[in-house]
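Chemist: Right, I'll just put the structure down here and ask away after.
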Amino acid sequence: MELLKSTLPGVGMKYQLETKSGSNFIIVHHEDGRREIYCTDPEDQENIRCIAELEDEECMLLSSIIGGWNE
């Protein structure tokens, strides 16, 4: 797995991670603190859809669930 980071001028940071199954997750961290999560279709990388727009509290809860710390 490789994490790619890039700056989006006037927007914030973009993080992109390709999973072992071939999906790409794209997280845009806006300068105002919002985060947007996008996912691509493994069979059609041009097909990108927004999964969620999250604020700080929601991000912390989601990360604790994914990390297994919220059991």
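Under our numbering, the sequence shown has 123 at position 58, and the numbering climbs by one with no breaks. Even for Gly, the Cβ is constructed at its ideal location relative to N, Cα and C. Keep in mind the model is a prediction, meaning the values are calculated, not measured.
Locate the alpha helix (DSSP H) running through residue 97, then write down its first and last residues.
Modeler: First-last for residue 97: undefined, no H or E at that position.
Chemist: Measure the C-alpha to C-alpha separation of residue 103 and residue 111 and round it to an integer number of angstroms.
Modeler: Using only the alpha carbons, I get a separation of about 12 Å.
Chemist: Buried or exposed: which applies to residue 116, given that a residue is buried once 16 or more other Cβ atoms fall within 10 Å of its Cβ?
Modeler: Exposed.
Chemist: Give the straight-line distance between the Cα atoms of residue 96 and residue 77, rounded to the nearest whole angstrom.
Modeler: Cα to Cα, the separation comes out at about 5 Å.
Chemist: Give me the residue from 123, 133, 125 and 98 with the minimum Cα distance to residue 75.
Modeler: Comparing Cα positions, the closest option is 98.
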